[in-house]
Amino acid sequence: MTVLSVLVVDDHAMFRTGVRAELERLGSGRVEVVGEAEDVDTAVAAISDLRPDVVLLDVHLPGGGGPEVIRRAGASTTFLALSVSDAAEDVIGVIRAGARGYVTKNISAPELLDAIDRVAGGDAVFSPRLAGFVLDAFAGTIAVAQVDEDLDRLTEREREVMRLIARGYAYKEVAKELFISVKTVETHVSSVLRKLQLSSRHELTRWANDRRLI
Amino acid sequence: MTTAAPDAAGGTRRSADGFRRAYRPVDARVVAGVSAGLAEHLRLPVVWVRVGFVLATFVHGTGLLAYLLLWWFLPLQAPVDGSPGLESARRRGLRTGSRGPSRRDVVQSAAIGAVGLGVLGLIALGGGWLEGWMLPLLLVVTGIAVVWRMFDDAAWNSWLRQTEGPAFAMRLLVGLAFIGLGAIYILTVNRGWSAAVDFFAALAIAVVGLSLILGPWILGLWTDLGTERRERIRSQERADVAAHLHDSVLQTLALLQKNADDPATVATLARRQERELRDWLYGRQDDTATFATALRDLAAEVEANHRVPVEVVTVGDAAPDDGLRALLAATGEAVVNAAKHSGASRVDVYAERVANGSGDRMEVFVRDRGTGFDPDAVPADRLGVKNSIIGRAERHGGTARVRSTPEDGTEVALTMPVSPGDKESA
Numbered sequence: 001m002t003v004l005s006v007l008v009v010d011d012h013a014m015f016r017t018g019v020r021a022e023l024e025r026l027g028s029g030r031v032e033v034v035g036e037a038e039d040v041d042t043a044v045a046a047i048s049d050l051r052p053d054v055v056l057l058d059v060h061l062p063g064g065g066g067p068e069v070i071r072r073a074g075a076s077t078t079f080l081a082l083s084v085s086d087a088a089e090d091v092i093g094v095i096r097a098g099a100r101g102y103v104t105k106n107i108s109a110p111e112l113l114d115a116i117d118r119v120a121g122g123d124a125v126f127s128p129r130l131a132g133f134v135l136d137a138f139a140g141t142i143a144v145a146q147v148d149e150d151l152d153r154l155t156e157r158e159r160e161v162m163r164l165i166a167r168g169y170a171y172k173e174v175a176k177e178l179f180i181s182v183k184t185v186e187t188h189v190s191s192v193l194r195k196l197q198l199s200s201r202h203e204l205t206r207w208a209n210d211r212r213l214i
Numbered sequence: 001m002t003t004a005a006p007d008a009a010g011g012t013r014r015s016a017d018g019f020r021r022a023y024r025p026v027d028a029r030v031v032a033g034v035s036a037g038l039a040e041h042l043r044l045p046v047v048w049v050r051v052g053f054v055l056a057t058f059v060h061g062t063g064l065l066a067y068l069l070l071w072w073f074l075p076l077q078a079p080v081d082g083s084p085g086l087e088s089a090r091r092r093g094l095r096t097g098s099r100g101p102s103r104r105d106v107v108q109s110a111a112i113g114a115v116g117l118g119v120l121g122l123i124a125l126g127g128g129w130l131e132g133w134m135l136p137l138l139l140v141v142t143g144i145a146v147v148w149r150m151f152d153d154a155a156w157n158s159w160l161r162q163t164e165g166p167a168f169a170m171r172l173l174v175g176l177a178f179i180g181l182g183a184i185y186i187l188t189v190n191r192g193w194s195a196a197v198d199f200f201a202a203l204a205i206a207v208v209g210l211s212l213i214l215g216p217w218i219l220g221l222w223t224d225l226g227t228e229r230r231e232r233i234r235s236q237e238r239a240d241v242a243a244h245l246h247d248s249v250l251q252t253l254a255l256l257q258k259n260a261d262d263p264a265t266v267a268t269l270a271r272r273q274e275r276e277l278r279d280w281l282y283g284r285q286d287d288t289a290t291f292a293t294a295l296r297d298l299a300a301e302v303e304a305n306h307r308v309p310v311e312v313v314t315v316g317d318a319a320p321d322d323g324l325r326a327l328l329a330a331t332g333e334a335v336v337n338a339a340k341h342s343g344a345s346r347v348d349v350y351a352e353r354v355a356n357g358s359g360d361r362m363e364v365f366v367r368d369r370g371t372g373f374d375p376d377a378v379p380a381d382r383l384g385v386k387n388s389i390i391g392r393a394e395r396h397g398g399t400a401r402v403r404s405t406p407e408d409g410t411e412v413a414l415t416m417p418v419s420p421g422d423k424e425s426a
């Protein structure tokens with residue numbers, strides 16, 4: 001098993017230290033914290049220097065916030081938003097910018113490790129709260145500035161998956177409930193994420209272009 | 001989405017006297033936000049409104065005039081009183097800014113405007129309509145727009161940035177110069193330079209007249225500026241306190257919660273404190289009681305009493321009626337049961353307002369990963385589940401289902417129809 005390199009981006013030194021200590025204690029052999037950054041500029045620099053597998057990214061950062069880091073650091077890095085803010089606007093905003101998942105800072109260390117593993121493997125990580133926001137955003141119930149009118153609809157299956165995650169089910173419980181494989185759950189979750197991130201046609205074209213689909 | 005989004009996004013803003021008022025949006029303006037504001041108010045696609053303005057301009061410039069008048073009369077949307085945590089994060093540049101006009105909007109407006117100008121130009125060239133008047137007229141309009149824009153920005157700046165001295169003076173001068181040039185051109189085209197002297201006399205008279213007309217308005221603007229400055233200072237003070245709390249207490253709590261040696265007590269205290277702060281910082285400002293807020297309060301209470309974290313996720317909301325109050329009570333019973341008997345380390349509560357052909361319904365799921373029990377084996381004299389949960393839900397026209405297995409814990413699923421007619425609170 002390869003060791004995942006992780007960069008911790010947060011403007012609070014105490015929190016960085018705490019996360020680092022936990023990851024080193026519980027995740028030795030699985031993850032390695034290769035660096036820390038405290039604002040948008042240092043984060044962008046650290047990402048291009050260290051090329052971490054996963055960036056733990058705070059939503060509120062000096063210099064423009066987490067979404068700004070994602071925009072400037074490019075698409076080749078995997079971001080997991082780790083924030084104390086649970087305002088829908090912030091959370092959806094950082095996901096829309098391209099983060100692969102979102103967890104709140106009171107997540108337990110084993111869960112955080114699990115989340116890091118999952119995003120590094122290409123899957124999306126949704127906390128129940130995020131799943132709730134996503135359902136709200138797609139239903140047009142919350143006014144999220146970044147969610148525009150072209151938002152693609154969720155399929156019935158994707159909605160079901162999101163609802164179960166919002167109800168606190170783990171991925172494998174979702175799979176059991178819907179009689180599908182965990183892999184399928186992950187596919188649904190990834191496609192929800194993609195719909196959220198590519199809500200305008202312009203971006204969708206770019207996405208397809210990047211993958212040589214058109 | 002086109003019909004639902006503006007509705008949800010704030011099309012239902014009402015002032016105290018109950019009238020829907022049109023606003024120019026603060027954050028999505030291409031020129032002045034008149035089109036966007038009007039489109040939201042009339043619930044029309046914004047393209048129609050823009051095309052409408054351009055078309056109306058061909059009719060003796062009515063569209064342009066209407067636009068300028070609306071610019072004057074429509075108030076800029078008052079900033080929504082955000083929660084201190086978000087406001088302060090925005091002010092300190094920790095968040096990405098608000099949306100601004102989307103690129104599509106800018107391109108679209110530019111295109112519509114260009115087409116309009118082109119047609120206008122063709123008319124002027126071909127028909128000789130407005131011959132000789134086109135250019136000066138445009139100059140005058142541009143000049144007025146620049147000056148106007150500046151006053152508009154003065155109000156706008158007061159809650160975004162300081163009014164800058166040199167830029168202020170520059171734009172005032174440029175705008176006045178344009179107006180002057182345009183006027184001189186109009187005059188000299190028809191009567192030669194001799195008219196210039198007359199013009200300046202006329203200008204002096206006009207200025208006196210204008211200041212008589214506009215004086216009170218400008219004065220009012222300056223007063224507003226002072227009021228807004230005071231407002232800003234006050235809200236900044238408030239936001240700084242919030243920032244301090246965010247940086248210290250909330251962060252420490254997050255850590256405490258993770259590293260506690262005595263998990264039960266410390267974590268509970270930490271969570272309680274965290275919840276309070278969170279509510280204050282990241283706003284549930286709507287103090288009007290809704291189903292979702294009631295649910296959160298209920299969760300907080302159980303958490304405090306039974307020392308088990310209760311995670312609440314809600315999608316959609318409704319104004320509480322008898323049925324929903326019964327649903328709330330049944331939910332409370334289920335959450336207390338889970339916290340007391342299951343031994344689970346966390347209770348998840350999920351509530352969703354599900355749209356339905358015949359009428360909406362509220363669904364609530366209470367889930368724990370505890371020991372579970374056999375619902376059929378519960379002795380007949382134990383009325384908790386049967387009476388307080390299932391019975392209560394069914395008496396009010398809802399349903400309740402309890403699913404419990406030893407390995408997966410318990411899930412209580414409750415549904416209740418939402419009485420129609422409270423769409424507003426959704």
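Keeping their order, the protein sequence lines are chains Y and F.
Note that full-length UniProt numbering numbers the first sequence so that position 58 is 58, with each residue one more than the last.
Note that full-length UniProt numbering numbers the second sequence so that position 17 is 17, with each residue one more than the last.
Think of the CB as a built atom: it goes at the ideal place given N, C-alpha and C, for glycine as much as any other residue.
Excluding the 5 residues preceding and the 5 following residue i in the sequence, name in chain order all residues of the same chain whose CB lies nearer than 6 angstroms to its CB.
i	result
Phe138 of chain Y	Leu154
Ile389 of chain F	Ala330, Glu333, Ala334, Ala400
Val364 of chain F	Thr331, Ala351, Leu414
Arg13 of chain F	Only weak support exists for where Arg13 of chain F lies, its pLDDT of 45 falling under 50; the value from the coordinates is given anyway. Nothing listed; no residue qualifies.
Glu23 of chain Y	Before going further, note that residue 23 of chain Y is Leu rather than Glu in the sequence given. Within the same chain, Leu23 of chain Y has close Cβ partners Val31, Val33.
Leu298 of chain F	Gly332
Phe373 of chain F	Ser404
Quick check: what's the CA-CA separation for residue i versus residue j?
i	j	result
Ile218 of chain F	Asp240 of chain F	33 angstroms
Ala13 of chain Y	Glu38 of chain Y	8 angstroms
Arg392 of chain F	Ala326 of chain F	6 angstroms
Pro320 of chain F	His246 of chain F	33 angstroms
Val69 of chain Y	Val44 of chain Y	6 angstroms
Ala242 of chain F	Leu61 of chain Y	16 angstroms
Ala318 of chain F	Arg118 of chain Y	36 angstroms
Leu328 of chain F	Ile95 of chain Y	32 angstroms
Asp322 of chain F	His396 of chain F	8 angstroms
Ala8 of chain F	Ile92 of chain Y	In this prediction, Ala8 of chain F has a pLDDT of 35, which is less than 50 and means its spatial position is unreliable; what the coordinates show is noted afterwards. Their Cα atoms are separated by approximately 16 angstroms.
Arg353 of chain F	Met362 of chain F	4 angstroms
Leu178 of chain Y	Met162 of chain Y	12 angstroms
Gly118 of chain F	Ala110 of chain F	12 angstroms
Leu69 of chain F	Ile205 of chain F	24 angstroms
Arg232 of chain F	Lys195 of chain Y	38 angstroms
Gly359 of chain F	Met416 of chain F	11 angstroms
Leu176 of chain F	Val208 of chain F	15 angstroms
Leu44 of chain F	Val197 of chain F	50 angstroms
Whose C-alpha, out of the options, is nearest the C-alpha of residue i?
i	options	result
Ser419 of chain F	F:Val302, F:Thr410, F:Phe291	F:Phe291
Arg157 of chain Y	Y:Asp136, Y:Val125, Y:Leu130, Y:Val192	Y:Val192
Ser5 of chain Y	Y:Asp11, Y:Glu36, Y:Phe15	Y:Glu36
Gly18 of chain Y	Y:Leu164, Y:Ser108, Y:Phe133	Y:Ser108
Gly63 of chain Y	Y:Gly132, Y:Thr78, Y:Thr42	Y:Thr42
Ala39 of chain F	F:Gly182, F:Gly61, F:Tyr67	F:Tyr67
Gln197 of chain Y	Y:Ala166, Y:Ala124, Y:Val54	Y:Ala124
Thr187 of chain Y	Y:Ile92, Y:Gly122, Y:Ala131	Y:Gly122
Thr2 of chain Y	Y:Arg16, Y:Asp10, Y:Val8, Y:Val31	Y:Val31
Leu56 of chain Y	Y:Pro67, Y:Ala87, Y:Leu7	Y:Leu7
Asp10 of chain Y	Y:Ala46, Y:Val40, Y:Asp58, Y:Ile47	Y:Asp58
Ala114 of chain F	F:Thr57, F:Val34, F:Glu237	F:Thr57
Arg95 of chain F	Y:Gly66, Y:Asp86, Y:Glu111, Y:Ser190	Y:Gly66
Assuming residue i and residue j form a contact by the criterion Cβ under 8 angstroms, report the distance between their Cβ atoms to the nearest whole angstrom.
i	j	result
Val51 of chain F	Ile112 of chain F	6 angstroms
residue 219 of chain Y	Val33 of chain Y	Given a span of 1 to 214 for chain Y in the structure shown, any question on residue 219 of chain Y remains unanswerable.
Gly33 of chain F	Arg24 of chain F	4 angstroms
Pro128 of chain Y	Gly168 of chain Y	5 angstroms
Gly343 of chain F	Thr371 of chain F	5 angstroms
Give every residue of the same chain whose Cβ lies closer than 7 angstroms to the Cβ of residue i, excluding the five residues on either side of it in the sequence, and list them in chain order.
i	result
Ala300 of chain F	Arg275
Asp348 of chain F	Glu311, Arg367
I'd like the list of long-range same chain contacts for residue i, defined as Cβ closer than 8 angstroms, with 5 residues on each side in sequence excluded.
i	result
Val106 of chain F	Val30
Ala115 of chain Y	Leu80, Gly101, Val103, Ile107, Val125
Is residue i near the ligand MG, with its Cβ less than 7 angstroms from a heavy atom?
i	result
Arg367 of chain F	Looking at this structure, you won't find the ligand MG or any other ligand, since it has none at all.
**Message:** Under 8 angstroms: do the segment 171-190 of chain Y and the segment 78-93 of chain Y share three or more Cβ pairs, one atom per stretch?
**Reply:** no
**Asked** Between the segment 94-110 of chain Y and the segment 163-173 of chain Y, are three or more C-beta pairs nearer than 8 angstroms?
**Response** no
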